[in-house]
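Below: the structure, in structure tokens.
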Amino acid sequence: MAAQDTVTRAAATPDQPQPFAELGLTEPEYERIRQLLGRRPTDAELALYSVMWSEHCSYKSSKVHLRQFAEKAPRSDALLAGIGANAGVVDIGGGYAVTFKIESHNHPSYVEPHQGAATGVGGIVRDILAMGARPVAVMDALRFGPAGAGDTRRVLSGVVSGISFYGNCLGLPNIGGELAFDACYAGNPLVNALCVGVMRHGDLKLATADGPGNQVILLGSRTGPDGIGGASVLASATFGGPGDGHAAKRPSVQVGDPFLEKLLIECCLELYRDGLVTGVQDLGAAGVACATTELAAAGSGGMRVRLDAVPLRDPALGPPEILMSESQERMMAVVEPGNVPRFLSVCARWGVQATVIGEVTSTGRLEMTWQGDTVVDIPPGTAADEGPVYSRPLARPGWQDELAAADPAALPRPSGASGLRATLLSLLGSPGLADKTWVTEQYDRYVRGDTVLAMPEDGGLIRIDEETGLGVALATDGNGRYTLLDPYAGAQLALCEAYRNVAATGARPLAVTNCLNFGSPEDPAVMWQFAEAVRGLADGCAVLGVPVTGGNVSFYNQTGEAAIQPTPVIGVLGVHDDVRRRLSIGFTADGARIFLLGRTGAEFGGSAWAQVVHGHLGGRPPQVDFGAEQRLAQVLAAASGVACAAHDLSDGGLAVALAESCLRGGLGARVTLPGDVFTALFSESAARAIVAVRPGAETEFAQLCARYAVPAVDIGAVGGHQLEVTDTFVISLKELADVHGSALPAIFG
Amino acid sequence: MTARVGIITFPGSLDEAEAARAVRRAGGEPVPLWHDERDLRGADAVVLPGGFSYGDYLRCGAIARFAPVMAELTAAVPAGLPVLGICNGFQILCEAHLLPGALTRNAGLHFVSRDVRLRVENVRTPWTRAYAAGQEITVPLKSGDGAYAADEATLAALESGGQVLVRYLGNPNGSARDIAGVSNEAGNVAGLMPHPEYATSELTGPGCDGLGFFASAVSALVGA
């Protein structure tokens, strides 16, 4: 075995060649490290900088754009912690605060779908736990290649089983998310996991190492060789084309143990409750390297760590591997010396291994030793906060105009009543719009007993306070087709849809998280898409008055030269004052009148109709109208007394929404549509919803809509066991259910 | 007097809070029990809740059966202590040989989370007496290893001895003879794969059909 590289040795051997390129660092980045240290880095320091300065951890290509979220943020009294913390924290009243965040685990989920997706859930849950909150629910936004493709079966089945395995065993209800298919995701599936947690005001924990002399404790799993370089190699580089040898990257995927994470959650919550923790950080990407540098950089400025005290699963690991390992189910806590015995006894009660590995200092240096020798000695801020920042070149792609010119208005429309009927059935049976039960039935939605709404509802709704009925609603949305046509508008449409979905449950939208999935930032066209999407989202949040509280960027989602459609996935959180007054999408009240809210134009660019029927993607996405979205949300929030169901209109337009509401509630509907029937049924104009109004309350509801200047048309009534569009078609609920329900089982078994 | 219903938490238990709510909704007083203590704290009945005790390592329930609290429980069963195992709790009771048979991987090999229709077959036990014979109820099922299995002789004995408590209407997981729950010969120990505790509120469950299991025990204990 080669001699351990130490700081002394590094100073004495300045010219020793180092594998910086293999670790994902560029030559200028390597030179910068040498300048910062005044010598070459040790092997351990090189490992530490390589993961901390990776795209995944440093946001080096996205930082200059993401600043807008803070700069343009609307004033909000609800925000207790924002961007930069592990997750944003939002005041929801009643002495409660919630924290939520969405994060990608795209690359690992392609290489090893089951473990990749499982550890994605585990990672985001620890982020929430690190804020001091009890995690209470998860959601997943998933995108795959064409449903019928052989590899999609492997990837989707593995991802769903991984989420099911991990989330169910943790005891967190899965309350919603998305499932979409497109050829662009065949080699780059998107697995975005969201978690929400609850705490009382004052329980907020900060990721800082304060107070010299305080002890640094690593708790949870032993550190193993799994996931080494996950952040730098896997999540920050492009997969090559076929034959690139994915096998070589397999060890970069971590392996999860949800049972240990469940114990870690209960253990940490007890430690918080007993006041035994002064600072805490989860270990995710970049493991010990990230936790130590971030804690030290945010705190008193110094930390001394004995790397040889880290409990190992594999005794062959040395300092670089220990620093880079992404072994799951670990946390790092800063504890006052007097509290250490009680801290360790709580850990013992839960069977969680806990080891003192170092202490906080006032030196301003992050020092690490290995068997007595110093192997790391750096200013922690240089790794945590002062990494490279790139203003990458961006260029609107040449094909953008051509794409916009390919107007779907020229596409042939279904002729006559039978054509419209067949169109609805083909949309309902298409994988992206079909019943998702095959997936969601593998997730526990009931556990914890506070789930009020879950898929296939518009948003998930969790009760927080049993006495008052206070709760939170959550929805995630994104549409790569819209965003490809216009990244600025596409990001805003995703925001609007999530905002609308939360409002449709009767909740008030409060805050935003985002997971920005894009191709390679080194491609100016991708960088332009990214910049436009961020600008659109920041502008949209400012107008809607909902601040971005945090998020995640996933670059390098491309196979060879082919990038995915730009896919910002937006999560919106809302507060529900009384979940007992929630609105479901299901038609359950016989005789209830159905109102169509909002304006419908002939908007088919990027629509489900164009994609499913014609395989067409072109033109303009639907018009964004924030004022209309806000007024619609106000009506929905005020409507819970008079409405008995509400459903937002999005992919597939009114036709698909009506079918879904009928199937959910088990009752049919008879509607008469104004204007061109095709447009009325399949247009995807934004800022629209259908509301079923309690019999007798029609006038009151119409007045409510008028008060907020929301256009509302009575289009028919709930009843019977078929969906009937006057003078056009009749489809029995059974036929709708067969077509809608059989699509995914037919493909996935 | 209020019936005290003990609810055991094992490492990895998940459904103990909802089991406690169900006991409260049925008029009883939930008493938390810890796996590592040989103490039933004077409980008049005990519920083993669902979850993934010990991460389902080895086999579901195989490790939890050796927990110290299980020794106390096993000792109290011959005297008639009413015991209900739900999902993972059912698996633990089978592993502990307090109930016959075993729970195996679902027929479809996937976790199944679904509201299922059940028929209550035996209403003469402390856990089912609040139901009418043949009553049909809706209760959530959420499990990956829920297929009830036993040899033919055991199944025949269960049928003739009235030990089949509830049956699925439409078999969701490949359970032998559609069995969703069984009892021991004496009837005081019961196991259910579906989760009645999640069917005790209109707001968060598919209805309140599951309340009867808890109401049965609570009213029996108060000396109805």
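Protein sequences, first through last, are from chains A and B.
Okay, so the first sequence: first residue is 66 according to this note's numbering, each after it adds one.
Okay, so the second sequence: first residue is 4 according to this note's numbering, each after it adds one.
Ideal Cβ placement from N, Cα and C applies to all residues, glycine included.
Only counting the same chain, and skipping five residues up and downstream in sequence, which positions put a Cβ closer than 6 Å to that of valine 26 of chain B?
Val8, Pro33 and Phe217
Considering only residues of the same chain and omitting the five flanking positions on each side of glutamine 138 of chain B, which have a CB-CB separation below 6 Å?
Val123
Hey, does alanine 227 of chain B have any beta-carbon neighbour from chain A nearer than 8 Å?
Here the model assigns alanine 227 of chain B a pLDDT of 46, short of 50, so the residue's position is not dependable and the matter cannot be decided.
Strictly below 9 Å CB to CB, what residues from chain C border serine 178 of chain B?
The structure shown contains no chain C; its protein chains are A and B.
Beta-carbon of glycine 223 of chain A versus every beta-carbon of chain B: anything under 8 Å?
no
Element boundaries [alpha helix (DSSP H), containing valine 775 of chain A]:
Per DSSP, valine 775 of chain A belongs to no alpha helix (DSSP H) and is neither H nor E.
For chain A, is any of its Cβ atoms less than 8 Å away from the one on glutamate 21 of chain B?
yes
Would you mind sorting tyrosine 231 of chain A into buried or exposed? The rule is 16 or more other CB atoms within 10 Å of its CB.
buried
Which residue's Cα is closest to the Cα of lysine 799 of chain A: A:Gly733, A:Val742, A:Gly781 and A:Gly158?
A:Gly733
Other residues of its chain near arginine 407 of chain A: CB distance less than 8 Å, five sequence neighbours each side excluded:
Asp339 and Leu341
If you measure from the beta carbon of glutamine 676 of chain A to each beta carbon in chain B, is any gap under 8 Å?
no
Coil, strand or helix - tryptophan 37 of chain B by DSSP:
strand
Tell whether a beta-carbon distance below 8 Å holds between threonine 516 of chain A and leucine 382 of chain A.
no
Taking the runs of the beta strand (DSSP E) that are 3 residues or longer, which of them lie wholly in the region 339-410 of chain A?
344-347, 367-371 and 395-400
DSSP bridge partner residues for phenylalanine 246 of chain A (one or two, in chain order)
A:Phe209
My understanding is that leucine 106 of chain B touches leucine 172 of chain B, with C-beta atoms under 8 Å, so please give their C-beta distance in whole angstroms.
Actually they are not in contact, since the Cβ atoms of leucine 106 of chain B and leucine 172 of chain B sit about 19 Å apart, beyond 8 Å.
Spell out whether any CB of chain B is found under 8 Å from the CB atom of leucine 328 of chain A.
yes
Based on DSSP bridge pairs, tell me the residues matched to alanine 48 of chain B.
B:Val8
Flag glutamine 180 of chain A as yes if its beta-carbon sits less than 8 Å from any beta-carbon of chain B, otherwise no.
no
For the candidate residues A:Ala722, A:Gln69 and A:Phe660, whose alpha-carbon lies nearest to that of alanine 673 of chain A?
A:Ala722
8 Å Cβ cutoff met for valine 86 of chain B and valine 80 of chain B:
yes
Let me see if you follow: with CB-CB separation under 8 Å, is tyrosine 231 of chain A close to chain B or not?
no
Within 8 Å, strictly: CB atoms of proline 444 of chain A and glycine 429 of chain A
yes
Under 9 Å from the C-beta of glutamine 507 of chain A: neighbouring residues of chain B:
His113, Phe114, Val115, Ser116 and Gly147
Is the region 126-137 of chain A close to the region 363-379 of chain A, with three or more CB pairs under 8 Å?
no
What do you reckon, are the CB atoms on threonine 203 of chain B and arginine 24 of chain B nearer than 8 Å?
yes
Using a Cβ-Cβ cut-off of less than 8 Å, list which residues of the region 172-205 of chain B approach chain A; keep chain order.
His198, Glu200, Tyr201 and Ser204
Expressed to the nearest angstrom, what Euclidean distance is found between the alpha-carbon atoms of valine 778 of chain A and arginine 759 of chain A?
15 Å
Taking only beta-carbon atoms, is aspartate 18 of chain B less than 8 Å away from chain A?
yes
Output yes if chain A places a C-beta closer than 8 Å to the C-beta of threonine 141 of chain B; else output no.
no
Please go through the same chain and pick out, in chain order, the residues whose beta-carbon is closer than 6 Å to the beta-carbon of glutamine 557 of chain A, but skip the five residues on each side of it.
Gly601, Gly605 and Val689
Per DSSP, what are the beta-bridge partners of leucine 144 of chain A in this structure?
A:Val155
Do alanine 449 of chain A and threonine 358 of chain A have their C-beta atoms within less than 8 Å of each other?
yes
Expressed to the nearest angstrom, what Euclidean distance is found between the alpha-carbon atoms of arginine 265 of chain A and glutamate 94 of chain A?
43 Å
Suppose contacts are defined by Cβ-Cβ distances below 8 Å. Is leucine 493 of chain A in contact with threonine 793 of chain A by that definition?
no
Tell me which residue opens and which closes the alpha helix (DSSP H) that lysine 128 of chain A is part of.
128-136
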